[in-house]
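Q: Please read through the structure below; I'll follow up with questions.
In our numbering, the protein residues as written are 17 to 203.
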């Protein structure tokens, strides 16, 4: 599992390094494109993900104590918060589409300079890749919550399963902690 997590860190690390290079080479265009992002929704999503990370940490702790129902409840809250994140992100994507910022929505009209378009394309790829990883996490945590609730994952003896899924969830959350400032805050 640790090797897999390291490969994920390398994937997102390389990607975010490329975004940083674009920001350094095209500072005005990147800043101009970043102003089109909804800072309020990005901030709300950050709060939602950090809260989901707390819920997952509590689920891990309770699994070590062998508390089936409480573990399952916190896992379900983690899933719910992940779904809230995706719903908010969908609203944000819709707003960007309506504004003509998406590549397929009339050719990115508000973003006239190549550096702006490059930055925004990086934003779409990065947040889309993050959303894909979050969706995988939601599926994993949902399945785990189901198994714990049905006592198919005996706790605390099998708490390591909850911990492993928790590591993945936390990694996805940490990735967002890096995505958020590089796209939303650096205006």
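Each residue gets a CB set at the ideal place from its N, CA and C atoms; glycine is no exception.
Determine, using beta carbons only, whether residue 126 and residue 42 come nearer to each other than 8 Å.
A: Cβ distance not < 8 Å, so residue 126 and residue 42 don't count as in contact.
Q: Please report the distance separating the alpha-carbon of residue 182 from that of residue 72.
A: 6 Å
Q: Cβ of residue 32 within 8 Å of Cβ of residue 198?
A: yes
Q: Scan the region 82-114 and note each continuous alpha helix (DSSP H) run of 4 residues or more that stays entirely inside, going in chain order.
A: 84-114
Q: Are the beta-carbon atoms belonging to residue 132 and residue 24 less than 8 Å from one another?
A: no
Q: Whose CA, out of 95, 35 and 88, lies closest to the CA of residue 64?
A: 95
Q: So, with DSSP's three-state summary, where would you put residue 14?
A: Since the first residue of the chain shown is 17 and the last is 203, residue 14 is not available in this structure.
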